[in-house]
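Since the structure comes first, as structure tokens, the remarks are kept for the end.
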Amino acid sequence: MNSLHRLIHKTNHTAIAVWFVFFIVPGWQITAAEPDPPLTFDQKLRVPFRHVSPQSPKRHIHLTMGSGVGALDYDLDGFVDLYFGQGGGWTGTLDPESGLGDVLCRNITGEFLDVTKSAMIFAPGYAMGISVGDCNNDGFPDVYVSNVGRDRLYSNNGDGTFTEQSEAANLKNSRYGASCAWTDFQSDGVPDLFVVNYVQISPENYKTCTDQSPEGKNLPIACPPWTYTPEPDCAYVGRGDGTFVEASKELGFQTGPSQPGLGIITADIDRDGDLDLYIANDSTPNQLWINNGGEFNEQGLLSGTALNRVGEREAGMGVTCDDADNNGLLDLFVTNYFAETNTFYRNEGFGFFLDVTPEVGLASASYSFLGFGTSFVDFDNDGELDLFVTNGHIHDQLNILKRDVPYQQQSQVFRGRSGKFEDVTATAGAPLQKFGLGRGTAIADFDRDGRPDIAVNHLDQSALLLRNTTEQAGHPLRLLLIGTRSSRLPVGAIVTVETPRQKLTRTLSVNESYLSSRHREMVFGILPTPDTDDTEELSPVKADRITVHWPSGKSELWQNLTTDELHVLVEGTGTPILSENAFPE
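Residue 365 in full-length UniProt numbering sits at position 365 of the sequence shown, with consecutive numbering throughout.
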């Protein structure tokens, strides 16, 4: 049979098959899948804060890094407030301009007011990390601020005011602090603190760097991190009386050379019942500190989370952690420098990860951006985690240097679907089409409509609140966890929610992103379940089983919790259950 006969023969069979499907098979029809409603945001929420950090003539590096933001309900009125880290101009010292300081904005039914003075917060210094926690287990959120210089602890008095307690608490870090995180090293229910430090700088020995324009002119630029000496990190163990002791060496954190760290996440990454740490380092291998009963071993290279898929180190900025593909294991996502992709480390179980950034759709979408703050978050409550990344360069003279790179950049919104992501920024609303210098970010439901919103602290620009206006696919199951044997704020707790249609696992991450803290409320997007009869009416939307694995090692079960309301789950009040396998099937 010649080629023409083969073509005709194949075509005839195809035609018969199509005729059979259309006209013989009863009830068969073509239905196009309806597109998902877009993820959308507006700017109807406003906040009275502007970050100040003008570039210095020598482009000092700390003036390019920006500051974090923390989401917290400091007065426990049910509305999430915001704590913004402030910068300052170069004065020839590491002390910023006088009159500047961090700002606390109270959320009064959706309107934000600057209450810094009435809250008795006096926060001079160039702020970097904003770590919200509960340092004394009294139920009121406290704020630890890492600075370029002396850090500060603002202890919540419970009456709307704060007291600066760093000296009294024996928290004396005076290095170039970056991100910081509250945790529980020994699973004893007493809050501990880890501070990531960056590099050594001083007014007397502040290195400067230049780059050459096409005209041959040397222009000052911020120096890369490898021109400085990295600072060692600090691990503080809580004594249970409101004071801390520095124990980095005793816990195993000083077994190797110091690294220029920026981002941190604390979570039970290996699902063995205690809290681990992951640190995103700037141009050196990232670190995964695995907790073995209160002693830590660095397993970044062994786990596959130190380098990218081709064995290259990257310039890590921010980090977030959660079960992005709904398989019960916690994945890691790191934002990186321009001309490097951001990196998605998929958890393969048993302590191993794979860099699958291209496979999940996050490689080419991030290559032309310099990423900072980031979070996994379910914007449309469909049970699939979406992703937010804020971007912005650190070099302000790129146009003069004739680099085809924007200084101000767009933030990005990615829709999650079955562990893969699609960049949907173009349809996400007018605020996402604007360019800025994004740095720290915090997630919270600021207007209490069941949809998670975003706060962005820009470098040397006004802060931005992105109000989520997305049409919701499901209903929010809102959980507030309170520890008793665990810390009152049980960071690192792992919650699994089950319905007939879904099984979702999430971890309570508060200190994450870049230099920032998201609100402690956990939200699960629950899809309606059709009745079993032919009416297709929907049953009341609820979650059948909610399993909480507390940082204390205890596991408990709650059942039949309804959506669209807040449930407070107190450790010890659920039904005790045996711990499940660390690695789900």
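Cβ coordinates follow ideal geometry from the N, Cα and C atoms, glycine included.
Everything numeric in this text was worked out from a predicted model, so none of it was measured.
When secondary structure is reduced to three states using DSSP, ILE61 falls in the helix class. Annotated three-state conformation of SER67 is coil, per DSSP. For ASN292, the number of other beta carbons within 10 angstroms of its own is below 16, and it is reported as exposed. When the beta-carbon positions are compared, PHE352 and ASP331 stay at least 9 Å from each other. In this structure the region 423-443 touches the region 513-520; the number of beta carbon pairs closer than 8 Å is three or more. For ALA315, the closest alpha carbon among the candidates GLU340, VAL190, PHE435 is that of GLU340. Judged by DSSP in its simplified three-state form, GLY392 adopts coil rather than helix or strand.
Ranking GLY87, ASN381, ASP449 by CA distance to the CA of VAL80 puts ASP449 first.
Distances from the alpha-carbon of PRO191 to those of PHE376, GLY216, TYR144, LEU219 put TYR144 closest. One alpha carbon belongs to LEU465, the other to GLY383, and they sit about 24 Å apart. Looking at the backbone, the Cα of SER486 and that of VAL570 are separated by about 10 Å. A direct Cα-to-Cα measurement between ARG313 and HIS567 gives close to 43 Å.
With a cut-off of 8 Å on Cβ pairs, the region 422-436 is not in contact with the region 50-62, counting fewer than three such pairs. When ARG506, PHE369, ASN137 are compared, the shortest CA-CA separation from THR243 is found for ASN137.
The C-alpha of ASP404 is placed about 48 Å away from the C-alpha of PHE140. Here TYR198 is buried. Its C-beta has 16 or more other C-beta atoms within 10 Å. Contact between the region 265-278 and the region 354-361 is not established, with fewer than three Cβ pairs separated by less than 8 Å. When only Cα atoms are considered, GLY158 and ASP77 end up about 12 Å apart. LYS44 is classed as exposed because its beta carbon has fewer than 16 other beta carbons within 10 Å across all chains shown. Taking a contact to require three or more Cβ pairs closer than 8 Å, the region 362-377 and the region 390-409 qualify as touching. Residue pairing from DSSP places ILE264 in a beta bridge opposite ILE279.
As a beta-bridge residue in DSSP terms, PHE344 pairs with PHE333. Three or more Cβ pairs drawn from the region 470-482 and the region 556-567 lie within less than 8 Å of each other, which places the two stretches in contact.
For GLU556, the enclosing beta strand (DSSP E) covers residues 555-562. For LEU387, the secondary structure class from DSSP, reduced to helix, strand or coil, is strand.
The bridge partners DSSP lists for ASP142 are GLY133. Remark: C-beta atoms of VAL334 and ASN297 do not approach each other more closely than 9 Å. Ranking VAL69, ARG46, ASP42, PRO37 by CA distance to the CA of HIS458 puts VAL69 first. If you draw a straight line from the Cα of VAL148 to the Cα of SER202, it comes to about 10 Å. If you draw a 10 Å sphere on the C-beta of GLN86, you find 16 or more other C-beta atoms in it, and that means buried. By the beta-carbon neighbour count (other beta carbons within 10 angstroms, threshold 16), GLY492 is buried. Secondary structure of GLN412 (DSSP, three-state): strand. In the same chain as GLN397, and ignoring 5 residues on each side of it, the C-beta atoms closer than 6 Å to its own belong to LEU219, in chain order.
When the alpha-carbon of TRP550 is set against those of ILE577, THR227, GLY304, THR470, the nearest one is in ILE577.
Nearest to ASN399 by C-alpha distance, out of PHE421, GLU215, SER146, is GLU215. Just so you know, the alpha carbons of HIS395 and ASP453 end up roughly 29 Å apart.
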